[in-house]
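Just so we're aligned, residue 12 is where the sequence shown starts under our numbering, counting upward by one. Working notes, structure below.
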Amino acid sequence: MYATDLVPRLCLTLANLNRVLYFICDTILWVRSVGLTSSINKEKWRMWAVRHYYYSLLLSLVRDLYEIFLQMEQVAHDRAKRAKSPSQDPGCSVADEETEWLQSFLLLLFRSLRKHPPLFLDTVKNLCDILNPLHQLGIYQSNPGVIGLGGLLSSIAGIITVAYPHMKLKTH
């Protein structure tokens with residue numbers, strides 16, 4: 012896997028390093044749980060594991076948001092090519108301009124993600140996955156039902172990428 016753009020390359024590298032650190036912490040916790048040693052501070056290592064998992068997901072989300080931004084730019088550029096001059100309504104208020112801007116942004120976001128389903132799937136998976144570490148670190152408290160639903164949606168997204176490999180997000 013090779014990314015030519017600096018932002019995805021940096022995000023992927025740092026996310027993978029944090030994932031490795033998470034697995035090291037998780038292995039240390041496993042060593043304690045099977046009774047190979049009892050001198051390991053379980054709570055300290057669990058928090059380190061959760062923290063590295065959180066950083067990995069956060070970096071993956073930054074990459075997803077960057078890719079979404081690039082896709083939105085491309086869709087906007089393509090639409091601008093097709094429509095030579097956008098029509099302006101001279102009688103709109105500031106409130107109308109604000110809602111129009113928001114509607115345009117959301118429509119552009121929808122069109123961008125619709126054109127790139129692997130990006131949508133990866134973003135949904137990462138957003139669902141990050142709910143648990145946010146709760147465990149005390150950053151955002153949620154109830155177990157929301158965390159469970161997020162885990163279910165993330166698992167479904169993961170199953171889709173395994174069943175349909177073309178739905179896995181690729182790097183450029």
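Think of the CB as a built atom: it goes at the ideal place given N, C-alpha and C, for glycine as much as any other residue.
Since N137 and S44 should fall inside the 8 Å C-beta cutoff, what is the C-beta to C-beta distance between them, to a whole number of angstroms? Contact flag wrong, Cβ pair sits at about 27 Å.
Proximal residues to N27 (C-beta, below 6 Å), its chain only, five neighbours per side dropped: Around N27, the same chain offers no residue with a beta carbon nearer than 6 Å, after the five sequence neighbours per side are excluded.
Which parts of the region 92-175 are runs of the alpha helix (DSSP H), unbroken and 4 residues or longer, counting only runs that do not cross its ends? You should have 105-126, 128-140, 142-147, 155-174.
Look at the alpha carbon of H177 and the alpha carbon of W59, and state the distance between them as a whole number of angstroms. Those two C-alpha atoms are separated by around 34 Å.
From this set, Y33, G161, N29, which residue's C-alpha is nearest R57's C-alpha? When only C-alpha atoms are compared, the closest one is Y33.
For L142 and I158, which I take to be in contact (beta-carbon distance under 8 Å), what is that distance rounded to the nearest angstrom? The distance from the Cβ of L142 to that of I158 is about 5 Å, consistent with a contact at the 8 Å cut-off.
So, for L132: in the same chain, excluding its five sequence neighbours on each side, which residues have a beta-carbon less than 7 Å away from its beta-carbon? Closer than 7 Å at the Cβ level, and outside the excluded window around L132, lie A168, I171, T172, M178.
With a cut-off of 8 Å, do at least 3 Cβ pairs link the region 106-124 to the region 149-157? Contact annotation: the region 106-124 does not touch the region 149-157, with fewer than three C-beta pairs closer than 8 Å.
To the nearest whole angstrom, what separates the beta carbons of Y77 and P129, a pair I think is in contact under 8 Å? Cβ-Cβ separation between Y77 and P129: approximately 15 Å, too far for a contact (criterion under 8 Å).
Quick check: the Cα distance between L164 and L47, rounded to an integer number of angstroms? Approximately 35 Å between the Cα atoms of the pair.
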